[in-house]
Every structure is written in C-alpha cells, then in structure tokens.
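Asks:
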Amino acid sequence: MKIEGEHVFKGPRQAVWEMFRDPEVLASAMPGTQSLKKIDDQHYEGMMNVRIGPVSGSFAGQLTVSNENLPESCTLTVDGRGAAGFAKGVGNVHFFENGESTTLMKYDGEVTIGGTLASVGQRMIDSVSKSMIKSAFETLDKALEARLAAKSGNTPIEFKPPTEAEFAKNVAKDMAGGLTNVAEVRMLLYIVPVALLFLIVALIARGCGG
Amino acid sequence: MDKFPITVNVNGVRYDRAVEPRLLLSDFLRHDLCLTGTHVGCEHGICGACTILFDGEPVRSCLIFAVQANGHDIRTVESLGSTENLHPLQEAFHEKHALQCGFCTPGFLMTLIPFLEKHPKPTEEEIREAIDGNICRCTGYENIIQAVKLASEKMPR
Amino acid sequence: MKPVPFNYFAPTSVEEALDKLAELGYDGKILAGGQSLVPAMNFRMARPGALVDLNNIPELAYIKPTSEGGLAIGTMTRDSKVEHDPKVIEMFPLLGEVMPNIAHAQIRNRGTFGGSIAHADPAGQLPAISIALDANLFIQSKSKERWVKATDFFTGPFMTVLDPDDMLVEIVLPPHLPHTGSSYQQVSRQRGGYAQAAVASVVTLDDQNRCKEARVVLISVGDTPILSARAKEILVGQKPTAEAFKEVAQAIAANEIDPATDIHATADYRRHLVEVLVERSLTIAFDRAKKGV
Amino acid sequence: MAGKYFGQPILRNEDAQLLSGKARFIDDIDLPGMLHAAFLRSDFAHARIKKIDYSAALKRSGVVAVYTAEDFGDFWRPGPLQVPPPTAIKGSVFNARTLVPIAKDKVRFSGEPLAVIIAESRYIAEDAFDDIIVEIEPLDAVNDLEKALEPGAPLVHEDLDSNLAADVVQERGNYEEARAKADVVISRKILVNRNAGAALENRGFVVEWEERSRQMTVWATTQAPIPLRNTIAARMGLFENQVRVITPFIGGGFGPKIMTSQADDVLLPWIAMKLKRPIKWIEDRRENFLATTSERDQVHYAEIALTKEGTILGVKDVFYHNTGAYDPYGMTVPLNTQTHTVSNYRVPNFYTQIKMVFTNQMVVTPVRGAGRPQGVFVMERLMDAAARELNMDPAEIRMKNLLIPDEFPLRTGIIGQDFVEGVLDSGNYKKNLEKTMEIVGYEKFRKEIQPKLRAEGKHVGIGIVTFTEGTAVGPYEGARVTIGANGKVNVATGISTQGQGHFTSFAQIVAEQVGIDVKDINVVTGDTAHFHWGAGTFASRGAAVAGSAIHNAAVKVREKIFSLASKIFEEPEENLEVGDGKVWVKSNPSQSMLLGDLALRANPTRGTIEPGVEPGLEATAYYGPPYGATGAGAVAMIVNLDPETMQVKVEHFVIVHDCGTAINPMILEGQVYGGISMGIGNAFYEKMVYDDNGQLLSASFMDYLMPQATDMPAKMELGHLVTTTPLNTLGIKGVGEAGAIPTPAAFVQAVEDALHGQVEIMESNLNPSRIFEYLQKKQ
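Chains as they are written, first to last, in this note's numbering: chain A, 4 to 213; chain B, 597 to 753; chain C, 3 to 295; chain D, 30 to 808.
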C-alpha cells in the first residue's frame, strides 16, 4: 500500500528538527509506545503496546535511517512484528522551510501489512490509519507549541493531547518529563522522522471489530 | 488460570462443571458435555452453525464463554426430536430435502424453533430474513424456505 | 482461533464492577454483549488481561421513561429488547428502522445497546443513532461520574472519551419535539452486514412547515459518526424542498465526510452513496415530520 | 428408466441422524489420551527462514512437542504429484513443484506451516504460538500473473528460471486461417476472480496408532479416502491394510477436501507414531481461507472470429492460470477451462494456450466448477460482445452456433483433465436454450415487459447463457453389494460423501435390482476397511461412476438370487421374481423365500459350492468410462439494478439442465440449487483478495461474503431434459457443478443489459462499487 501526505508545523524548521531529535516526544506521539531505544546511529528499536477498541497487543519494531540529508530529508525503513502480524515499510521524509515560522513536512512510502491484521482487519485499515496520523500530528503540533513557549521563557502552556485516554495520559506524562528536562534532553544524533512510524503503528493497530 | 465452578441447565439436565474462563460455550457443549450436535463453522459469529438457545433466545455459542452460562438455561439440537421421533420442524426439513451435508442444520433448527413460536404463519420474506444469520453452503436455501413453510403448517399452535 | 487466557470477574452490582475496573486499570476490559469483543479475542487480535462481565448486573438492563418525557436505556439492555419494545418504536421510530439492520437476530439477542455505543465502530449504527437522537450518556467510574453528549463522546475509530475505569451506564434519549420525522437509510453488501454507508436523519418542522432542526448523521464514512453541520445551516429556517435536499447531499458529500477505500468499496462510491442516501433520508424524514409521525 | 425405487424422489436415509444432531463429524471424535495439534503459519508470503526457536514453547505447561521441518529429518520431502499432467499433449511444458508439508528454508505463501505444536488442548497449542521465535527474511512476493513471467520477477521456486509452471497449447483446425476469412474479429481481456470452496465444516484430521496391532486409524474430511490411505501407507512404510481411513459425516466438500499430502495428513501420522498418542487437528476458518486450497484466478486474452451472419469461424484463447505456490494437482483446472471454453458451440477452429504461473499464494486445486466456469465465462462474454457487434440478440447468436444432436458423439480434439480427448457424448443443447427461454418468457420480457419497466425508470436486465459440464470421468470406481442374513443390504464403495445423498441414491440403485426397500439398504462410503479400491469424489462423478459400479454389482447379486432360488425352487429363473425382500415363483407366489434366508443358504456350512459359484449373496463390480459424460444446460436470469446505489437483486432465475437419467430427482434438484447459490456468490459476493505482497485480505466471513437466504433469487425455476448418455447402463451424467458454472456469465450479461448496454464488463465478480466504477469510467 502506498502512502503519502504532508503536514505543516507551526514552527521554524530548526525547532521542528529539534523536536524530532527528542525520542521522548516521538514516543509520546505514538500511542502505546513503551520504549524507543537507539542501537546505533542508524538503528533504533522500540516496543509498542497498541490498544484500539477491542484490539490490543505488543509489537516490537526496528527502525533504520538512511540517505540522510540533514536537515532536509532521509529514508526510513521500519519493521514491526507482533503476535497479530507484521508491518514493514520504506518511506521518504522531507522538511521544507515554509516562510519564516512554519515548516512543511512531506512524506511518501510503501507499507506492507501482514498476518492476522491483514487477513481479518482490512475493513479498518484506512480510517484507523488516517485517524492516528491525524492525532499524532495534533500531538506534535501541541508539543511544538509547548517547546517554543518553554524556549522563549514563557510559562509552558498546558498541553492536552487529543486522543484516547491512555494515550493522552502517557503523552501528558511524557511531555511533562520532556519539558522539565528540556535542557538535558537526550539528543539523538539523527532524526527519527515520525510520519512513517505513525503509519506503521496506525496500520498495526487496525481492529477487526467483528 | 483458575477454573470457575458453574452450574448450567442444558436440555433440562443440570450439569456442574469447572471451566477455564476462556472456554467458549460452543467448545464446552461439544467437548465437555459431549453434545456434539452444535457445530462450529467460523468462530467469529457469522456462519450461525453454533446457534443454540440461551434462556430461550437464539445466540451464537462461539461468542459466549462457558463461564457466562452459569445459572442459565441452554437448549441445543439434542433437545428436539430423536432419530426415531423427529420434531415437526425436523420432519419438514427431511420431507423438503432442506439439508445436504447437514453441518449447518442444527444452527438453522435452533434459530427457527423460537421463530416459529413467534411467527406461526410466516411469509416467505419473513422466513428468508429469519434464516439470514445462518449460512448454508449446500442447499441454496430454497428447500429450507419450503421446509419452514411446511413446518409452520405441521407445528401445533 | 481460541482466546488467550484471561482473568474473569462477574460483579453483581454496578459498584462492585466500578471497583474492579478501577483496580484493573488498563488490564481490564468490560464484557458487555461480547459480540464484537469475543470474535476479536477468538482471532487473538484482542488479548485483554481481565474481563469484567456486566451480564450479572440486572440493574443495568432497563428501558424506562424519563421525567422529561424521553427514555432512559440501561447500558446492558439487549439490542433485541430495544428492537421489540413497542414504547421505543412509538417514541423513536428511527430505532424501529435501524435495529433490524444491526447484524443478525442471534447477535442482537446478545449484543447490548450500551456496548455498541461504547465500541464506537465507525461502521456501527448505534453510535450514529445516539448522535442523531441527541442522546445524553451517563458515565460512571469509582471516582467520578459525568454526563456526556453523544455528540462529544466519539473521538476516533473505536475511540471514545471513556477512561479504562469508566463505564457507560445509561443512555438517555430526549423526547422528540412535535412535528419531528426521521429516516434511516443504509447500504450494505448483505442484509446484516457492515454498512458501506448509511444516513440517519431526524428533522423537526415549525408551525409554518419550515425546518426548525435537522440532525443528519453519516455512518461508515469517517473516523467517527459525523453530524452534518451543513445540513443544519442549509435547512434550518427554510421550507424543505427537493432542491434543498440535493444541496445538502452535495455539500455533505463534498465537504463533510472522509470515506475510506477497502476491498468492498472505493471511497468515491461511498461518497456517491452518501449523496444518494442523504437525499432519500431527508425526503422521507420531512415527509414523516409533515404527517406528524 | 424410472422404476419403483430408481428415479423416484425418495427421502434421504441419512437425514434423521443429521437432523437430530447424532451424526458424527470429524470434530466429534474424542479418543482417550488424545492430543491436539495447531500449526504456526507464516505471516509472510515469501521469505527465507533463518531460524525457528521453539525452546520456550516446550516449557509451556500442556505443550507435549513442537516440530519444524528440520525435526522430521529424511521424512520431510515434497509430496507426490497428486494429478500428473496428461502425456498425450505434445510439446507441453510442465514443471512439477509439489506441496511441501511444512516450510523448510523458504516460505512460499502466507499461511504456509512453519511449526506444528502438539498440546493437551487446542487452546494451549495456540498459546504456544507466542513462544516461538521465527527469524525470517522477507522477500519480494509474486502475485500478478503476467508480471510473474517477466524477466527479473522474484522466483517462487529458485531452481526454475521463471515462474512458469506449465505451458500447454491445444489446437483444432487452424485458427489463423479462420481469422483471415472472418468478417468480424473481437478480442477481449477477460478476468476471472478467485473463490473459496468454503464448506461450512473446515477440514480435520484425527490419527491413532495402535502399537500392539500395528494398525493406524485415520479419520479425515477427505473427498478421496483411498488415495489418502495409499499415500499415508507409502510414506509411513506400512502396508495398505495397516492403515484404515474413515470419513465420518463431512460438512461439505466442494473440491478443496480432495487435496492430500498437506501438513496434517503427512506430519500427524508420523508424530502419532512417535508420541504413541492419538492426535486431532481441526482447521479453523482463518486457516481454511489461508492455507487449504482455492481456485478460479485466470487472465484471458480471448478472440472470436465470425461471419457477419454470426456464425463462429474460430476462437483463440491465451490465458494465464494462477496455480499458487505449488502445483500438486497438475493441470486439472486449466485443462477443464480449455475443454469447456467452446464445448457447446460449433467452433471449427480453436486455439487455446495455458500459461500456468507460480505465485506466492495458496495452492490452487479444483473448487466446484473447477476451471469450467472460467471457460464458460470467457466464451459467453465473447458471444455477448459478438452479438452486440453484429446487432444480434444474445439468444439468437447462441442458437445459431449451438451443436445439434446429430453431431454427437463429437470428438473435440482437446485433451482433458482425464487424459483423453474430450468427446461430447450426447445432449440437446438447443432444446435446453429453447426451454429456458420459454420458462423465463424471454420473448415477452424483451418485447413487452422490459420496455415497459424501462419506461417506468426501472433498470431491469436479462442474461441468457448456455454451458456444458464435463462429468463422470474415469479412471474407475468399484462397489460391493451384500445381502445379509437379516435381509438387509450392505453397499460399500470407495468414494466419500459430503452431502450428496449417496446413502439414499446408491441405495435406490441397489433396491431396484434386489427388491429390498431403500430404508433397509446401508451404504458405506469412505471407509477403506469396507472397500479399498477407487479414486474419490470429484468432477461430478460419484453418482455416475460409483453409481454405475454399484449398479453392476447389484445386477450380479440379482443374478445370484435368481440362480440360487432357481435351484431351490426347481423353477427356471425366468419364472422367478424379487421384491419386498423376498424371491418367489411368479405362478405360485406362496412358493417364496426371504432374501435373508436365501443369503444364509448362499453361504452354507456343509455341503459344497459348485465350481464357478462364489459364496454369499454378494458381488463386487467396477466401472470405468472410456471418457467422461457431458451434461449441459442453459440459464436465464432477470436482475433489477438500483441505478443510484448499484445494488442488484436477482428477481428470476431459470435453469434447464440435462444430466441424463436422474437417480433421485429431489436430490438432483438440491444439487442444482446449491450450485446456483455458489454461482451467485461467485458472481456478486465472494471474492478472495490478495494484496501486492501476497497477503490475503479476505480471510474471514466478515470479508469473504457467503451468499445468504436474502441474496438468493426471489423466484427460482428448474427445468429438466433427459438425454441419457450411452457411456453407462443407467444413462447418468453428473450434476454437482452445474449451477456454479454458468451463473457468473449470466449475471454479468444481465447487469450489462440492466445498464442498457452502456458498459461492457469483462470480469466475473462484481460488486456495487465496481459497477459504479464502470459507469464513472464511461462518463
């Protein structure tokens, strides 16, 4: 399945860039992410616990970053596997300066879903993935806003992520953590662009809803 | 997982058993109680082969856990007629050739028993709708519809 | 296709159930009718650590009049009970139309009214109907209780505002105003199958036969059921005409929905269906409103 | 031909057991100490297996054993070629890559077994899935039939240099010459979609090894019990009589249950011997969709050449046939397509080419229809395109080209699945069509009803098609008929039964000869301990081939009755009569003997049996046809289409069918009705959808839509013609697949007609969304 899309972040490219360097933020934007660990400069491993309606399950994923052209673009390969199936995908992400205060992110790629997820969950593929991408971007928008506010010395604005309860709570918790440690955020050397990962999670999480 | 003690009344017989919570009612009836007339065709609630009466209402026994039957009244195809003395609905199925492989048949019968009680003189359209939740791969349904019509004439009202 | 092991709790009162849910947190999952949950468990797509079975709490199954003249439906009321309740059908003919479309009779005998709503399947009928009928949902947990409008309840596909320790306890349907009519139009591949697209309309006329209120809800064409804003904008204050219905249908199809493509239908087809069904549904609903049905 | 029993609509012997829930199906078998098997299956369609670590699974309580391909050592090997290709077709290419029982080194389709888990319950066996760590390297998958043959496509079998499984050209006359002379040549690309057998009962296998008697007993849902026994015995190094295969009641077959040498029947006997405990495996619905077998997927490039008067000069059809990841069933399905493409029309010049392709999908073996619906669909679509081009009525162009009885027997020049040149034995194809038109009221519908309804804005259309059904193929079947001392009859034959009513129809054949009531005749099918020669239930051959063998055996028993009674009564045989369970002297009915008593006399404990006489009122006989008998028919269908939602309702369905003599018209009609429902399912509901990566997206009844009662035509009418076949004494042709074959072609034609011919549809499975797309493209 082909995917493509774009999103405009309300912040300069450098700020968006920095946000994406923060694994805590990224993890928070992906519902159910339990860990995201750097193996080396190009490889990351994560665990996600996905819960969508009646569907739930753990997935282990690896992410590989290649073709980096900082801070403009890179290629991602994602491989996630769990008891209910697998997802693998290859995608390209580009950041464009979009005037002074916004950044345009474009993504396109190819995703394969397999196993029980694909064989009995096809009905939900489109709407669940769209919905999760949308909510992840909403989360990141708010995270960016909070970070910019913190950076400018203002009191951090209250951050209330948009989706399902558990996700919202985790995000709120992670964000709080991220903000208090803002000066010493663990910096990843390379970008972990999120769009494709969102999709992987989103697609993995399709429900059967029988 | 711990087993839960349950007491179930099946076809008028009381059974006391202990079951794991995840045991499906269909498996409980078939393998724990050896009432193998109830069949399992899909285990996701669509084919209707496992239809039984739960407190008098037809339900999918593959979508209920045995532990949930505790204290309830269950009826399966074994509660209808015997091979020597068929129930009028079974007789009608026989006379109209409304079964071929017979695998789906118990589910149809258990759907139709309460239906005919509520609709003693059903129209063809009502019959079609009544059996819509039961899949038959062999007969093309035509003879089943004729059998239900015949049964509605045979059954005491 | 057998479920994974889980812990099982069968509380006999709401209080006990809420305690258990609070204790279990994310590990717990409510088992209402189980007609969507159990298939997912059989496929091992759903692997809850514990189920809190509400089937032993008789106080959660009821249909009773409210002091405002509406109806309150307990969350564990079986779909078939709602379907065959003469009072329900008389007060909310829309429910009479929609209920037989929910899966098959055997499923409705077990499936519950509240369970369907809380499941929040974008292709499910009852989430949309709860919005069309402007339902109020009573939610309780061990620590809090609240009322949420159905309109605000659904946050995404299979997602709602419910916390893991929350229980949807009661659905309150406010009475229809005089001169209200409704219509449910659905297209599915087979009778009892998932809606490819469906529209529920509830409309009210004023004394001059102008549209006073129009709630048009779209099913299976977005993340959640969609309450059309455009329908209201275009219709309220106007005489209902075929032209207006067409305008509404086109506006909805063009702007308000986000249908998906799956192996059964393309997004374009679903969009087209919505246009057709909105027109059909409004025509019938206003006709019924005029007749005072 | 009809007699007191034979040819009568006698109610079925087996019903009471089935109706009362007392019939034993495979999953009802429960043996002491029985273990349960589950297969861990690959999520990937194409991948290299690096390592499978199941050590954690063995630690799980209740898990008895886990095996992967490595653990089977030398026992692991690709299965037999269940149906080899015919050698008679010159110049054909066939690359045999038979099914492996469990994936080794490489996975070739999603759902292929990786490990088998044996546990105390199925629940626990499935729990162990989570304990097994599979290291796997995904490979690009091959799914598109045409792209699969392009250079550089990933290879399903890397020892081959392409994904070509077979290439077969058959020709009669000279198509290119015919084309050169034609006034009109019409070419089309035509698609036929994939469908499942989807019997309501999934497959199952139970095996018990009794070490003391060194006997293996197998219960299986197989359509071919004897071949199954033979392959198990061969693999296990046992004699055939050490393996008994029993088919209990089977919940529908429809083709996929013919397949043997799958993971269950290969591995479980080996494991049962090792563990010395009985093992049961019951397939679940998702497994059935993913990993049993299915059929139909073909892409045709077809061409028809005609005169301007509509006479067919020639047909050319080059088609790609998807065989899935392996081809254990040879070329049966595409050969059926070849033999059925033009069989009912006079086509002097015919060129047909199969390009059979390996893909990363489940294996293809016959499903009710077995290649025939594809051939009929292609030809009928060409006929409709021709009718449109020549401005002829669809019925008229068909009538003009149908073969007539004087032309039979007609050698077709095309070798079929049964290895011999197809011969059309008999039939009256025009009469089938005439009668169909008469019942449906074709002329009236076209001239009066349709114009009137169209004027009212209704979109109603009619489809009318013809078809043949090659049935009753060899090699042979056999049967033994025995009259017991209790006066009842036991009949044993080697095929198995999946709902076809054999327990009654076979009894009728015997009853007619021995004069014992059908109720007193016990028919045993599918038990190798009772009869152990035969091929199986497929290709609509049970009634005709096994039925003929049973008839032959019953005739011999009748002869024995007369011969023995003649000696006892001292009356010539022609003075005797049988009936009501006894034999008597015509001129003196009081001089009679119960057949049970006669049976005792036929097996004396003293005295002597004359040379050349076999003991008992028992006889065994066989029957093998030189070639298959061809049934035929015509279908008309009236549909009503909602032009806004594209929902289609079949309002009236008429089929006229000719399968020769009917043994039991009630059962025959049931078979036809059932076939029609599958045909309607294939045309408008059922579709197996694979994505580009070989993932099956329709592996449940949520997405694989089985036709329901409300999807069936509001009005169904059946007409029968009887043209007996000269190929067997009874004149029987098969009927099992009839309804499924023509229905998609008729449906598509009717939908086109309902849309006033605005669009041309060249694919076999439609849905409202697809119809909408066609109309959108048109605009």
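Note that beta-carbon positions come from the ideal geometry of N, C-alpha and C, so glycine has one too. Just so you know, these numbers come straight off a predicted model, no measurement behind them.
Answer yes if the segment 661 to 674 of chain D comes into contact with the segment 494 to 506 of chain D, meaning at least three C-beta pairs across the two stretches below 8 angstroms, and no otherwise.
Replies: yes
Asks: Using C-beta distances below 6 angstroms, list every residue in its chain close to G226/D, excluding the 5 sequence neighbours before and after it, in chain order.
Replies: Within the fourth sequence, residue 226/D is the residue found at index 197, counting from 1. The residues are F283, G284, P285, V396.
Asks: On the CB-based measure, 16 or more other CB atoms within 10 Å of its CB, does Q537/D come out buried or exposed?
Replies: In the fourth sequence, the residue the question calls residue 537/D occupies position 508. Buried, since its Cβ has 16 or more Cβ neighbours within 10 Å.
Asks: Measure the alpha-carbon distance for M169/C versus Q108/C and round it to whole angstroms.
Replies: Here residue 169/C refers to the residue found at position 167 when the third sequence is read from its first residue. Here residue 108/C refers to the residue found at position 106 when the third sequence is read from its first residue. Annotation: M169/C to Q108/C spans about 25 angstroms, alpha carbon to alpha carbon.
Asks: From which residue to which residue does the beta strand (DSSP E) around R630/D run?
Replies: Here the question's residue 630/D lines up with position 601 in the fourth sequence. Run containing R630/D: none in the beta strand (DSSP E); it sits in the alpha helix (DSSP H), 624 to 630.
Asks: Going by beta carbon distance, what residues of the same chain come within less than 7 angstroms of M161/C, once the five residues before and after it are set aside?
Replies: Counted from its first residue, the third sequence places residue 161/C at position 159. Counting only Cβ-Cβ distances below 7 angstroms, and skipping sequence neighbours, we find A122.
Asks: Would you say Y349/D faces chain E, with C-beta separation under 8 angstroms as the test?
Replies: Structure shown: chain E not included; protein chains present are A, B, C and D.
Asks: List the residues of chain B whose Cβ lies closer than 7 angstroms to the Cβ of M3/C, in chain order.
Replies: Residue numbering aside, residue 3/C sits at position 1 when the third sequence is read from its first letter. Within chain B, the residues near M3/C are E639.
Asks: How is the alpha helix (DSSP H) around T465/D delimited, first residue to last?
Replies: For the purposes of this step, residue 465/D is taken as residue 436 along the fourth sequence, with counting starting at 1. Residues 458 to 469.
Asks: Excluding the five sequence neighbours on either side, which residues of its own chain have a C-beta within less than 7 angstroms of the C-beta of L206/A, listed in chain order?
Replies: Here the question's residue 206/A lines up with position 203 in the first sequence. In this predicted model, L206/A has a pLDDT of only 41, less than 50, meaning its place in the structure is not dependable; the value taken from the coordinates is given anyway. Cβ within range, chain order: A90, V114, I116, I128, S132.
Asks: Between the segment 711 to 731 of chain D and the segment 784 to 799 of chain D, do three or more beta carbon pairs fall short of 8 angstroms?
Replies: Contact between the segment 711 to 731 of chain D and the segment 784 to 799 of chain D is present, because at least three Cβ pairs lie under 8 angstroms.
Asks: Would you identify the three-state DSSP class for N58/C, choosing helix, strand or coil?
Replies: Position 56 of the third sequence, counted from the start, is the residue given in the question as residue 58/C. Judged by DSSP in its simplified three-state form, N58/C adopts helix.
Asks: Counting only runs of 3+ residues fully inside the segment 668 to 746 of chain D, write out the beta strand (DSSP E) ranges in chain order.
Replies: 677 to 687
Asks: How big is the Cα-Cα spacing for I58/D and L629/B?
Replies: As a first step, residue 58/D is located in the fourth sequence; it is residue number 29 there, counting from the start. As a first step, residue 629/B is located in the second sequence; it is residue number 33 there, counting from the start. Going by the C-alpha atoms only, they are around 13 angstroms apart.
Asks: Just checking my contact of Y204/D with K345/D at CB under 8 angstroms: how many whole Å lie between their CB atoms?
Replies: Start at 1 with the first residue of the fourth sequence, and residue 204/D comes out as number 175. Start at 1 with the first residue of the fourth sequence, and residue 345/D comes out as number 316. Y204/D to K345/D, Cβ: 5 angstroms. Contact.
Asks: Just how far apart, CA to CA, sit R32/D and E477/D?
Replies: Translated into positions along the fourth sequence, residue 32/D becomes position 3. Translated into positions along the fourth sequence, residue 477/D becomes position 448. Checking the sequence, you will find Gly at residue 32/D rather than Arg. Going from the Cα of G32/D to the Cα of E477/D covers about 44 angstroms.
Asks: Would you kindly work out how many angstroms separate the C-alpha atoms of G645/D and M751/B, rounded to a whole number?
Replies: Residue 645/D sits at position 616 when you count from the first residue of the fourth sequence. Residue 751/B sits at position 155 when you count from the first residue of the second sequence. So the two alpha carbons sit approximately 47 angstroms from each other.
Asks: If the cut is a Cβ gap below 8 angstroms, which residues of chain A does D81/C touch?
Replies: Taking the first residue of the third sequence as position 1, residue 81/C is located at position 79. Ordered by position in chain A, no residue passes the 8 angstroms Cβ test against D81/C, which lies about 15 angstroms from the chain.
Asks: Cβ of Q390/D less than 8 angstroms from any chain A Cβ?
Replies: Here residue 390/D refers to the residue found at position 361 of the fourth sequence. No, no contact with chain A.
Asks: Out of curiosity, what's the CA-to-CA distance linking K18/A and L147/A?
Replies: Position 15 of the first sequence, counted from the start, is the residue given in the question as residue 18/A. Position 144 of the first sequence, counted from the start, is the residue given in the question as residue 147/A. First, the residue type needs correcting, since residue 18/A is Ala and not Lys in the sequence shown. Cα to Cα, A18/A sits roughly 8 angstroms from L147/A.
Asks: In angstroms with no decimal places, state the Cα-to-Cα distance between M108/A and W20/A.
Replies: In the first sequence, counting from the first residue as 1, residue 108/A sits at position 105. In the first sequence, counting from the first residue as 1, residue 20/A sits at position 17. Their Cα atoms are separated by approximately 11 angstroms.
Asks: List, in order along the chain, the chain D residues whose C-beta lies closer than 9 angstroms to that of I741/B?
Replies: Here residue 741/B refers to the residue found at position 145 when the second sequence is read from its first residue. Ordered by position in chain D, the residues that pass the 9 angstroms Cβ test against I741/B are A738, M741.
Asks: Quick one: Cα of A594/D to Cα of V584/D, how far?
Replies: Taking the fourth sequence and counting its residues from 1, one reaches residue 594/D at position 565. Taking the fourth sequence and counting its residues from 1, one reaches residue 584/D at position 555. Computed Cα separation, rounded: 15 angstroms.
Asks: Less than 8 angstroms between the C-beta atoms of W105/D and A94/D, yes or no?
Replies: In the fourth sequence, the residue the question calls residue 105/D occupies position 76. In the fourth sequence, the residue the question calls residue 94/D occupies position 65. It is not a contact, given that the beta carbons lie outside the stated cut-off.
Asks: DSSP three-state call for Y152/D: helix, strand or coil?
Replies: The residue given as residue 152/D occupies position 123 in the fourth sequence. Note: Y152/D maps to helix in three-state DSSP.
Asks: Considering only residues of the segment 165 to 210 of chain D, which uninterrupted alpha helix (DSSP H) runs meet the minimum length of 4 residues and lie entirely inside it, listed in chain order?
Replies: 204 to 210
Asks: Can you name the residues of chain D whose CB is closer than 8 angstroms to the CB of E691/B?
Replies: Taking the second sequence and counting its residues from 1, the one referred to as residue 691/B is at position 95. Result: L40.
Asks: Give the residues from the segment 653 to 672 of chain B that approach chain C closer than 9 angstroms (Cβ to any Cβ), ordered along the chain.
Replies: Taking 9 angstroms as the Cβ-Cβ cut-off against chain C, the residues of the segment 653 to 672 of chain B that qualify are E653, P654, V655, R656, C658, L659, I660, F661, V663, Q664, N666, G667.
Asks: Classify Q787/D as buried or exposed, calling it buried when 16 or more other Cβ atoms lie within 10 Å of its own Cβ.
Replies: Position 758 of the fourth sequence, counted from the start, is the residue given in the question as residue 787/D. So Q787/D ends up on the exposed side.
Asks: Residues in its own chain within less than 6 angstroms of K163/A by CB, not counting five upstream and five downstream?
Replies: In the first sequence, counting from the first residue as 1, residue 163/A sits at position 160. Caution is warranted here: a pLDDT of 44 is assigned to K163/A, below 50, making its placement in the model unreliable, and the coordinate value is therefore given only provisionally. So no residue of the chain qualifies.
Asks: Out of I705/D, E588/D, M466/D, point me to the one whose CA is closest to F776/D's CA.
Replies: On the fourth sequence, position 747 is the one that residue 776/D refers to. That would be I705/D, whose Cα lies nearest to the Cα of F776/D.
Asks: Alpha carbons only, please: which of T719/B, E616/B, V604/B, E720/B is nearest the one belonging to L649/B?
Replies: What you label residue 649/B is simply residue 53 of the second sequence in a count that begins at 1. Considering only alpha carbons, the answer is V604/B.
Asks: With a cut-off of 8 angstroms, do at least 3 Cβ pairs link the segment 562 to 575 of chain D to the segment 628 to 640 of chain D?
Replies: No contact exists between the segment 562 to 575 of chain D and the segment 628 to 640 of chain D.
Asks: When Cβ atoms are compared, which residues of the segment 246 to 270 of chain C fall closer than 9 angstroms to chain A?
Replies: Against chain A - using a Cβ distance shorter than 9 angstroms - the residues of the segment 246 to 270 of chain C are D260, P261, A262, T263, D264, I265, H266, A269.
Asks: So, is the C-beta of Y64/C closer than 8 angstroms to a C-beta in chain B?
Replies: The residue given as residue 64/C occupies position 62 in the third sequence. Chain B, which has no Cβ nearer than 8 angstroms to the Cβ of Y64/C, makes this no.
Asks: Is S621/D helix, strand or coil by DSSP?
Replies: As a first step, residue 621/D is located in the fourth sequence; it is residue number 592 there, counting from the start. Three-state DSSP puts S621/D in a strand.
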